[in-house]
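Participant: Under numbering that gives the first Met the number 0, the residues of the sequence shown are numbered 0 to 311, in order.
Here's a structure for you.
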Amino acid sequence: MQTLVAAAGILALAPLAEAAEEASKPAVTAIQHAPNGTTLTLRAKHAPYPHAGGAYDDPTVFVFVPASYRLPSSKRVDVVVHYHGHNTTAAKALGTHALREQLVESKQNAILVVPQGPVLAADGDFGKLMAKRGVARLLAEVLKLAAGAKASKELGDATLAKADGVGRVIASAHSGGYRAAAAAVQRGGVDLREVYLFDALYGEVATFADFASAGSDVKHKLVSYAVAGVPLANGAKLASILEARGLEPIVEKADRRVSREELVRGRALFLLGKATHATATYEERALRDCMLASCFVGSGTKAWHAKKHERR
């Protein structure tokens, strides 16, 4: 009799276990349309969290595909990955920092990926993305989910259905997100071309120095936008290191703004921000300008590039 009761209990729990397993599977959990593009909310296996030993369990990754996006002939998808800072969430950063709007304004044919790191915490550990090839695994999964039937139907002409892998990658970080950007440089496993640090150069100076000075065949670019304090001081330190290695860092002064041409051609740029720490990414449209000057070279940026002598 006890055996029958136990068996009945197991059978009763089976649907609950199946439901829990289904709820944890990678999936597109929400789709938001706007005139400028489509935002996919993903539950991703290779998201930063959950992660062994980590205190967070939110597997959310946001993916924004501009309405103007068209898969290039190479079928490789260029990606901007943004790492949010301390005491916030990916959703808040996506909205408050106008990340989608700035990508659209840059007219680049790329998608934006914003993974959820530590939730509302003074912590820069992005879990699984800190591991070897962590970024590569996440972006491969992002493309798989975004190329699926559910997302493709919603993306229309901007579909990623025939994508054949990740192309060039740009890492953008605000504040404490610099640690994840440094991990992407060291072991992300992707074709990382450019790194933008928005009042974020709190450490990893040697890592970013190596990134900027490496790449004889492929140009790397590092942009540090600093307002004051540690990021500004570390920027001066990093510029000196690069100068000693034979590079020509471009250091913006209060009385002389960097030109568009310098922003395009420079390998290491240290911008003096007029924003605050909290608004460093968006108040001056700094992310947009970095992307306008990026290796992506969007088809709609001709007018911006034509005024190369104008200040940013």
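Glycine residues also receive a C-beta, built at the ideal position from the N, C-alpha and C atoms.
These numbers were taken from a predicted model, which means no experiment stands behind them.
Could you check what DSSP says for Val103 in three-state terms: helix, strand or coil?
Facilitator: Of the three classes helix, strand and coil, the one that applies to Val103 here is helix, per DSSP.
Participant: In the DSSP assignment, the alpha helix (DSSP H) including Val263 goes from what residue to what residue?
Facilitator: Residues Arg259 to Arg264.
Participant: Do you know whose CA, among Ile110, Tyr68, Gly272 and Arg69, lies nearest Val343's CA?
Facilitator: The first residue shown for the chain is 0 and the last is 311, placing residue 343 beyond what the model contains.
Participant: By the DSSP assignment, the beta strand (DSSP E) with Phe197 in it spans what residues?
Facilitator: From DSSP, the beta strand (DSSP E) with Phe197 extends over Asp190 to Phe197.
Participant: Which parts of the stretch 211–244 are runs of the alpha helix (DSSP H), unbroken and 4 residues or longer, counting only runs that do not cross its ends?
Facilitator: The qualifying runs are 228–243.
Participant: Output the residue ranges of the beta strand (DSSP E) runs that lie fully inside the stretch 102–183 and measure 3 residues or longer, sorted by chain position.
Facilitator: Correct list: 110–114 and 165–173.
Participant: Where Leu15 and Val118 are concerned, what is the direct C-alpha to C-alpha distance, given to the nearest angstrom?
Facilitator: Per-residue confidence for Leu15 stands at a pLDDT of 49, beneath the threshold of 50, marking its modelled position as unreliable; no derived number is given.
Participant: Shortest alpha-carbon distance to Ser293 belongs to which of Arg259, Pro65 and Ala97?
Facilitator: Selected option, being the one with the closest Cα: Arg259.
Participant: DSSP state of Gly36, grouped into three classes?
Facilitator: In this structure, Gly36 counts as strand in the three-state DSSP scheme.
Participant: Check for me: the alpha helix (DSSP H) holding Asp288 runs from which residue to which?
Facilitator: Element bounds for Asp288: Ala285 to Leu291.
Participant: In the structure shown, what three-state DSSP assignment does Leu268 receive?
Facilitator: Three-state DSSP puts Leu268 in a strand.
Participant: Could you give the distance in angstroms between the alpha-carbon of Val113 and the alpha-carbon of Arg255?
Facilitator: One C-alpha to the other measures close to 33 Å.
Participant: Skipping 5 residues on each side, what residues in its chain have a beta carbon closer than 6 Å to that of Ser182?
Facilitator: Contrary to the premise, residue 182 reads as Ala rather than Ser in this sequence. Excluding sequence neighbours, Ala182 sits near Met129.
Participant: Is Ala160 buried or exposed, if buried means 16 or more other CB atoms sit within 10 Å of its CB?
Facilitator: That one is exposed.
Participant: Could you tell me the distance, in whole angstroms, from the CA atom of Ala33 to the CA atom of Arg178?
Facilitator: Computed Cα separation, rounded: 32 Å.
Participant: Check for me: the beta strand (DSSP E) holding His96 runs from which residue to which?
Facilitator: His96 -> no beta strand (DSSP E), and no H or E assigned at all.
Participant: Thr38 and Arg99 - do their beta-carbons sit closer together than 8 Å?
Facilitator: It is a contact, given that the beta carbons lie within the stated cut-off.
Participant: Runs of 3 residues minimum, wholly inside the stretch 21–82: which ones carry the beta strand (DSSP E) assignment?
Facilitator: Runs of the beta strand (DSSP E) inside the stretch 21–82: 26–33, 36–42, 59–65 and 76–82.
Participant: Kindly give me the distance between the Cβ atoms of Val80 and Val168, rounded to whole angstroms, as I take these residues to be in contact under 8 Å.
Facilitator: Sure, about 6 Å apart at Cβ, within 8 Å.
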